[in-house]
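Heads up, the thing below is written out as C-alpha coordinates.
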Amino acid sequence: MKRVLMLATLAMFMIASVAQAADGYLFEIFKDAQGQHRWRLKNPEKRVIASPGQGYASKKYCEESVDKFKANLDSDKVKIEYYEDGGKMFRWKMIASNGQTVAASMFGYPTKADCEKAFADIKKQVKDAKVVEAPEKK
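Residue numbering for the sequence shown follows this note's numbering, beginning at 18 and increasing consecutively.
Here it is as C-alpha coordinates:
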(Lines of atoms letter the chains of each structure in order from A and count residues from 1; the text may use other names and numbers.)
(Lines give C-alpha, C1' and ligand atoms only; values in the text may rest on other atoms or scores of the structure.)
Protein backbone atom coordinates (compact mmCIF):
# COMPACT_ATOMS: atom_id res chain seq x y z
CA MET A 1 0.00 0.00 0.00
CA LYS A 2 2.82 2.43 0.86
CA ARG A 3 4.48 1.73 -2.46
CA VAL A 4 1.27 2.45 -4.39
CA LEU A 5 0.86 5.70 -2.48
CA MET A 6 4.49 6.66 -3.18
CA LEU A 7 4.10 5.90 -6.89
CA ALA A 8 0.85 7.87 -7.06
CA THR A 9 2.52 10.84 -5.33
CA LEU A 10 5.48 10.65 -7.71
CA ALA A 11 3.15 10.49 -10.72
CA MET A 12 1.21 13.55 -9.51
CA PHE A 13 4.48 15.43 -8.98
CA MET A 14 5.68 14.54 -12.48
CA ILE A 15 2.36 15.60 -14.05
CA ALA A 16 2.46 18.90 -12.14
CA SER A 17 6.07 19.48 -13.25
CA VAL A 18 5.22 18.84 -16.90
CA ALA A 19 2.15 21.09 -16.70
CA GLN A 20 4.19 23.84 -15.09
CA ALA A 21 6.98 23.47 -17.67
CA ALA A 22 4.41 23.70 -20.47
CA ASP A 23 3.66 27.25 -19.34
CA GLY A 24 7.04 28.30 -20.72
CA TYR A 25 9.09 31.34 -19.87
CA LEU A 26 7.42 34.35 -18.32
CA PHE A 27 8.24 37.84 -17.15
CA GLU A 28 6.91 38.66 -13.73
CA ILE A 29 6.47 42.30 -12.74
CA PHE A 30 6.46 43.19 -9.06
CA LYS A 31 6.97 46.04 -6.62
CA ASP A 32 10.04 45.89 -4.40
CA ALA A 33 10.27 47.04 -0.77
CA GLN A 34 11.06 50.60 -1.90
CA GLY A 35 7.99 50.77 -4.14
CA GLN A 36 9.97 50.45 -7.38
CA HIS A 37 8.63 48.27 -10.19
CA ARG A 38 10.91 45.44 -11.28
CA TRP A 39 10.76 42.44 -13.56
CA ARG A 40 12.21 38.98 -13.34
CA LEU A 41 12.42 36.34 -16.04
CA LYS A 42 11.37 32.87 -14.96
CA ASN A 43 12.09 29.66 -16.83
CA PRO A 44 9.48 26.89 -17.30
CA GLU A 45 10.39 25.46 -13.90
CA LYS A 46 9.57 28.89 -12.39
CA ARG A 47 13.18 29.56 -11.42
CA VAL A 48 14.23 33.22 -11.68
CA ILE A 49 16.96 33.30 -14.31
CA ALA A 50 17.37 37.01 -15.15
CA SER A 51 16.54 40.51 -13.97
CA PRO A 52 17.40 44.07 -14.97
CA GLY A 53 19.07 44.81 -11.65
CA GLN A 54 17.25 48.13 -11.28
CA GLY A 55 13.83 49.38 -10.34
CA TYR A 56 11.50 51.62 -12.34
CA ALA A 57 9.35 54.48 -11.10
CA SER A 58 6.25 53.18 -12.88
CA LYS A 59 4.83 49.90 -14.07
CA LYS A 60 4.74 51.36 -17.59
CA TYR A 61 8.53 51.94 -17.62
CA CYS A 62 9.09 48.45 -16.24
CA GLU A 63 6.93 46.92 -19.00
CA GLU A 64 8.85 48.99 -21.58
CA SER A 65 12.08 47.53 -20.18
CA VAL A 66 10.71 44.01 -20.78
CA ASP A 67 9.77 44.97 -24.35
CA LYS A 68 13.25 46.39 -24.98
CA PHE A 69 14.89 43.28 -23.55
CA LYS A 70 12.85 41.09 -25.90
CA ALA A 71 13.46 43.37 -28.90
CA ASN A 72 17.21 43.51 -28.34
CA LEU A 73 17.85 39.79 -28.02
CA ASP A 74 19.03 39.66 -31.64
CA SER A 75 20.06 43.29 -31.95
CA ASP A 76 23.50 44.76 -32.50
CA LYS A 77 22.41 47.61 -30.20
CA VAL A 78 23.46 45.46 -27.24
CA LYS A 79 26.39 43.26 -26.38
CA ILE A 80 26.17 39.97 -24.50
CA GLU A 81 29.09 39.54 -22.15
CA TYR A 82 29.98 36.18 -20.61
CA TYR A 83 32.17 36.29 -17.54
CA GLU A 84 33.42 34.22 -14.63
CA ASP A 85 32.19 35.38 -11.23
CA GLY A 86 34.02 35.21 -7.90
CA GLY A 87 32.64 31.71 -7.26
CA LYS A 88 34.19 30.42 -10.51
CA MET A 89 30.77 30.18 -12.18
CA PHE A 90 29.89 31.72 -15.54
CA ARG A 91 27.21 34.36 -15.98
CA TRP A 92 25.90 36.56 -18.79
CA LYS A 93 24.84 40.17 -18.94
CA MET A 94 23.28 42.25 -21.68
CA ILE A 95 24.96 45.63 -22.06
CA ALA A 96 23.46 48.60 -23.94
CA SER A 97 25.55 50.78 -26.25
CA ASN A 98 25.78 53.38 -23.46
CA GLY A 99 27.45 50.80 -21.20
CA GLN A 100 24.43 50.27 -18.95
CA THR A 101 23.56 46.69 -17.96
CA VAL A 102 20.12 45.93 -19.38
CA ALA A 103 19.74 42.52 -17.73
CA ALA A 104 21.88 39.82 -16.16
CA SER A 105 21.70 36.17 -15.22
CA MET A 106 20.63 35.51 -11.65
CA PHE A 107 22.84 32.48 -11.10
CA GLY A 108 26.02 30.97 -12.44
CA TYR A 109 26.68 28.09 -14.81
CA PRO A 110 29.53 25.59 -14.40
CA THR A 111 31.05 26.29 -17.83
CA LYS A 112 31.04 29.16 -20.31
CA ALA A 113 29.46 26.80 -22.85
CA ASP A 114 26.58 26.11 -20.43
CA CYS A 115 26.11 29.85 -19.95
CA GLU A 116 26.11 30.50 -23.71
CA LYS A 117 23.61 27.67 -24.22
CA ALA A 118 21.34 29.10 -21.51
CA PHE A 119 21.32 32.52 -23.17
CA ALA A 120 20.74 30.95 -26.61
CA ASP A 121 17.70 29.21 -25.14
CA ILE A 122 16.45 32.51 -23.73
CA LYS A 123 16.82 34.10 -27.18
CA LYS A 124 14.71 31.34 -28.72
CA GLN A 125 12.03 31.19 -26.06
CA VAL A 126 11.24 34.58 -24.55
CA LYS A 127 10.10 36.69 -27.48
CA ASP A 128 6.57 35.39 -26.97
CA ALA A 129 6.80 35.03 -23.19
CA LYS A 130 3.86 36.27 -21.18
CA VAL A 131 4.19 39.27 -18.89
CA VAL A 132 2.30 38.81 -15.64
CA GLU A 133 1.96 40.77 -12.45
CA ALA A 134 3.20 39.00 -9.33
CA PRO A 135 0.70 38.77 -6.50
CA GLU A 136 1.42 41.38 -3.84
CA LYS A 137 3.01 40.13 -0.64
CA LYS A 138 1.07 40.78 2.54
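Cβ atoms here follow ideal geometry from the backbone N, Cα and C, with glycine treated the same way.
- Within the model, the alpha-carbon separation for residue 124 versus residue 64 is close to 10 Å.
- Counting only the Cα atoms, residue 153 lies some 33 Å from residue 103.
- In the three-state reduction of the DSSP assignment, residue 153 falls in the coil class.
- DSSP places residue 80 inside the alpha helix (DSSP H), whose first and last residues are 76 to 88.
- Under a 10 Å Cβ-count criterion, residue 114 is classified as exposed, with fewer than 16 other Cβ atoms of the shown protein chains found around its own Cβ.
- Short of 6 Å from the beta carbon of residue 76, and not among the five residues preceding or following it, lie these beta carbons of its own chain, in chain order: 54.
- Here the C-alpha atom of residue 133 lies approximately 8 Å from the C-alpha atom of residue 109.
- Annotation for residue 134: the continuous alpha helix (DSSP H) segment containing it runs 129 to 142.
- For residue 149, the number of other beta carbons within 10 angstroms of its own is below 16, and it is reported as exposed.
- If you check the CB distance, residue 151 and residue 58 do not come in under 9 Å.
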